[in-house]
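Notes for the one structure printed next.
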Amino acid sequence: MVVQALLAERDDRQRFYVVTEETAPEYYWISDRWQQKARKAGLSITNRIYTAILCKNTRRLVIWTSYLTTHLKAHIFHFKKWTRLLLSGLSLTLVNSAAAIEFSMNGDIRASLFSLHRDDRDGKETATHEIRVRPRVGLGAKFNKQWRMQVRFAGRYSTDGNKLHFEIFNSIPEENGLRHGDSTLDEIYAEYNSNNAWQMRVGRFQSVALLKGVAEKSLDREDSPFTNITWTDGVQVRHNATNGWVTTAIAQYNDAQSATQVRRPPLNFRDDGSRLSYFVSVENTQKVGPLVQRTVDITWLPDALHSKGVGASTVHDYWGIVGRLAAQWPMTESMKFMLSGEVGYAPIVPDRSAMNTGTSGSANGFATQVSLNFIDIVPQHSVGFAFGRVGDGWLLSPTFNNNVNQAEIRYKWVIDNKQAVEVRLRYNKDIRQHINMLQKREDIDYFLRYTYRF
C-alpha cells in the first residue's frame, strides 16, 4: 500500500502524528515547516497533493500540502486509487468550508400606533393617526473570534401611505431618515475584535450615544430612533479599557446631497471639504457610588455650516460638545430612582436670519435634557419623565427638533430580553416664533409601541 503522510503539529511538541480521514480536522497544518522537519527526520518525499483542512485553532480554512512517502517507520498509508484520495480531499474541503463560517439571523420588528395633533405656525390645525411598522432583518457571518460581517435589510412603512421603493441610498432622502415605503440596507460592515479590548467596524453601521433612562434620547447621535431609518457610513474604532472607560472614534462619509444622519439646516455637505466628519466619545457606565454614566462627546463637521444660509456666504466648521451624567439610588426592594442629564454646546452657530427665528443676531447653541426615572416600580415596569430645551443653533439632535421646548412621559414594560411595550405622551412647542408666521408651533403626540428582537 502507498501511504498518505500527514505531518501534524500539536501543543508545540515536535512529534509526528498518523492522521486518518476521521481525525484530520482536529489538527493544525503547517506544510513548509513540517516539510523541513520531515527531511531532517530522513523521510523520502516522493510526491505531493493539495487539499484543504479546517484549522481548529483559528476556525478558518488553511491550505496545506501533504507528502507521499514509502517510509514505513513514518506510519504511511497509501490509497491504490488516486481518484479516491482526491475525492476525499475535495469532500473535506466542502464540509469544512461550511463549518468554518458561523451564520446567524438577527434583527427586530417594531410596530407603533402613532397619533399627532399639531397647531401649526400658520394657524392651521392638523391631526395624524397611523400605524407604523419597521422590520429589520440581518444576516451575520462569523469567520473566527476576531472577524465577522453583517448585512441588514430595513424598511419603513405606514398606513398613512406608502410608495414602495428599495434603494441602497447614499444619503437620507428626508431630514429625519427614509420616507414611508422606503427600504434599504442599513448595515453592511466588517468587524474586527481583538482580545475584548479593541473593536473596528468598516462600512455601513449603526451608531448611538444615548442618555440613560426610560426614554433614552440623544442630543448628538442616535441612528434609527423611533421607527426612523438612518445609518453611519465610515470607520469606527472602539477601545474598552480595564477601568471601564470606553473610547469611540468615528470618521464618517457625507454625500454631497446630504448626510446619512439627522443634520439640520443650514448644515449642508455640498462643499468638498465636508465629505468627512468626525465623532469622538469617552464614556464610563460602570457604577461608582450613585453614578452610572459619565460621558463626553465631540462632533466636528468641517466646512458644513452655512451660517447665513446655504450659498449665501463662506462656510464654517460646526462643532458640538456634549456631556452626560446619570446617577441611580435604590428606593424600595425592587424600585430604583435614576436622575440623568445631558448638556450640549455649539460654539459656532448660524445667524438667526438663516434659521428664520429672527432678523439679527446669532442663534442659541445650547441644548439640555433632564430625565427623572422610576425603574422597576414593579419588576419589569418603569416610568420616566423627560424635559428638554434645544436652542435654534443646535443642529445635531436626532430626537429633538431645534428651537423647541419638550416634555415627555413614558411607560415601559420589558416583557423579556426580546420583547418590550412602550407608551409615550409628548408635548413640543417652539421657543422662538418664526418670522412672518402667525404663532409658535405646538404639537401633542402619543404612541403605543411594541418591539420584538430576534
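The letter at position 327 of the sequence shown is residue 337 when you use the working numbering, and the numbering goes up by one with no holes.
For every residue, glycine included, the Cβ atom is placed at its ideal position computed from N, Cα and C.
Quick caveat: nothing in here was measured; it's all calculated off a predicted structure.
Terminal residues of the alpha helix (DSSP H) in which residue i lies
{"i": "Ala364", "result": "362-365"}
Beta-carbon gap between residue i and residue j smaller than 8 Å
{"i": "Leu301", "j": "Leu277", "result": "no"}
{"i": "Gly165", "j": "Arg131", "result": "no"}
{"i": "Leu126", "j": "Thr138", "result": "yes"}
{"i": "Asp196", "j": "Arg214", "result": "yes"}
{"i": "Gln338", "j": "Lys227", "result": "no"}
{"i": "Leu405", "j": "Arg304", "result": "no"}
{"i": "Val218", "j": "Ala200", "result": "no"}
{"i": "Ser181", "j": "Asp265", "result": "yes"}
{"i": "Gly187", "j": "Tyr167", "result": "no"}
{"i": "Asp402", "j": "Arg362", "result": "yes"}
6 Å CB neighbourhood of residue i in its chain, flanking five on each side removed
{"i": "Thr80", "result": "Note that Thr80 has pLDDT 34, beneath the 50 cutoff, so the model's placement of it is unreliable and no number is given."}
{"i": "Ala396", "result": "Ala225, Ser381, Glu418"}
{"i": "Gln209", "result": "Asn203, Arg248"}
{"i": "Asn383", "result": "Gly223, Val224, Met348, Gly394"}
{"i": "Asn250", "result": "Ala207, Val256"}
{"i": "Asp453", "result": "Arg128, Asn438"}
{"i": "Asp455", "result": "Leu126, Arg436"}
{"i": "Arg467", "result": "There is simply no residue 467 to check, as the chain begins at 11 and stops at 464 in what is shown."}
{"i": "Ile308", "result": "Val290, Ile331"}
{"i": "Ser101", "result": "Because the pLDDT at Ser101 is just 49, under 50, the model does not fix this residue reliably, and the point stays unresolved."}
Outcome for residue i when other beta-carbon atoms lying within 10 angstroms are tallied against a minimum of 16
{"i": "Asn446", "result": "exposed"}
{"i": "Ile73", "result": "Unreliable positioning characterises Ile73 in this predicted model, as indicated by a pLDDT of 30, which lies under 50. The coordinate reading is nonetheless provided below. Counting Cβ neighbours within 10 Å, Ile73 comes out exposed, since fewer than 16 surround it."}
{"i": "Phe289", "result": "buried"}
{"i": "Thr242", "result": "buried"}
{"i": "Leu448", "result": "exposed"}
{"i": "Ile141", "result": "exposed"}
{"i": "Pro183", "result": "exposed"}
{"i": "Asp426", "result": "exposed"}
{"i": "Tyr437", "result": "exposed"}
{"i": "Leu221", "result": "buried"}
{"i": "Thr258", "result": "buried"}
{"i": "Gly174", "result": "Here residue 174 turns out to be Leu, not Gly, going by the sequence shown. The residue in question, Leu174, is exposed, as its Cβ has fewer than 16 Cβ neighbours within 10 Å."}
{"i": "Thr136", "result": "exposed"}
{"i": "Val388", "result": "exposed"}
{"i": "Leu17", "result": "Reliability of the predicted coordinates at Leu17 is poor, the pLDDT of 39 falling under 50, and no value is obtained from them."}
{"i": "Phe464", "result": "exposed"}
{"i": "Glu112", "result": "exposed"}
{"i": "Gly133", "result": "exposed"}
{"i": "Gln416", "result": "buried"}
{"i": "Gln216", "result": "buried"}
{"i": "Ser114", "result": "exposed"}
Cβ neighbours of residue i in the same chain (closer than 7 Å, five flanking residues each side left out)
{"i": "Glu244", "result": "Contrary to the premise, residue 244 reads as Gly rather than Glu in this sequence. Only Ile260, Ala261, Gln262, Tyr263 meet the Cβ criterion."}
{"i": "Trp423", "result": "Gln390, His391, Ala430, Val431"}
{"i": "Phe457", "result": "Ser122, Leu123, Phe124, Arg434"}
{"i": "Asp313", "result": "Asp281, Gly283, Ser284, Val325, Asp327"}
{"i": "Gln271", "result": "Asp233, Thr240, Thr242, Pro408"}
{"i": "Gly319", "result": "Pro276, Ala364"}
{"i": "Asp440", "result": "Asn413, Val414, Lys450, Arg451"}
{"i": "Glu177", "result": "Thr194"}
{"i": "Tyr462", "result": "Asp118, Ile119, Lys428, Gln429"}
{"i": "Gln296", "result": "Gly254"}
{"i": "Asn366", "result": "His444, Ile445"}
First through last residue of the beta strand (DSSP E) which encompasses residue i
{"i": "Leu403", "result": "The sequence given here places Gly at residue 403; Leu does not occur at that position. Per DSSP, Gly403 belongs to no beta strand (DSSP E) and is neither H nor E."}
{"i": "Gln10", "result": "Absent from the structure is residue 10, since the part of the chain shown begins at 11 and ends at 464."}
{"i": "Ser125", "result": "112-129"}
{"i": "Pro7", "result": "No information on residue 7 is available, as it lies outside the stretch 11 to 464 that the chain covers here."}
{"i": "Met473", "result": "This structure gives no information on residue 473, because the portion of the chain shown stretches from 11 to 464."}
{"i": "Met159", "result": "157-165"}
{"i": "Gly244", "result": "242-250"}
{"i": "Ala219", "result": "218-221"}
{"i": "Gly213", "result": "208-215"}
{"i": "Phe457", "result": "452-463"}
{"i": "Thr369", "result": "From DSSP, Thr369 is part of no beta strand (DSSP E); its letter is neither H nor E."}
{"i": "Lys227", "result": "227-232"}
{"i": "Glu185", "result": "First-last for Glu185: undefined, no H or E at that position."}
Cβ neighbours of residue i in the same chain (closer than 8 Å, five flanking residues each side left out)
{"i": "Trp255", "result": "Val292, Glu293, Asn294"}
{"i": "Gly504", "result": "Nothing can be reported for residue 504, as the shown portion of the chain is limited to 11 through 464."}
### Query
Is there contact between the region 351-364 and the region 329-341, where contact requires at least three CB pairs shorter than 8 Å?
Taking 8 Å as the limit for Cβ pairs, the verdict is that the region 329-341 does touch the region 351-364.
### Query
Touching or not, the region 364-374 and the region 226-239, by the rule of three or more beta carbon pairs under 8 Å?
Here the region 364-374 makes no contact with the region 226-239; the two share fewer than three CB pairs at distances below 8 Å.
#### Entry: At least 3 beta-carbon pairs within less than 8 Å: the region 142-162 vs the region 193-205
Yes, they touch.
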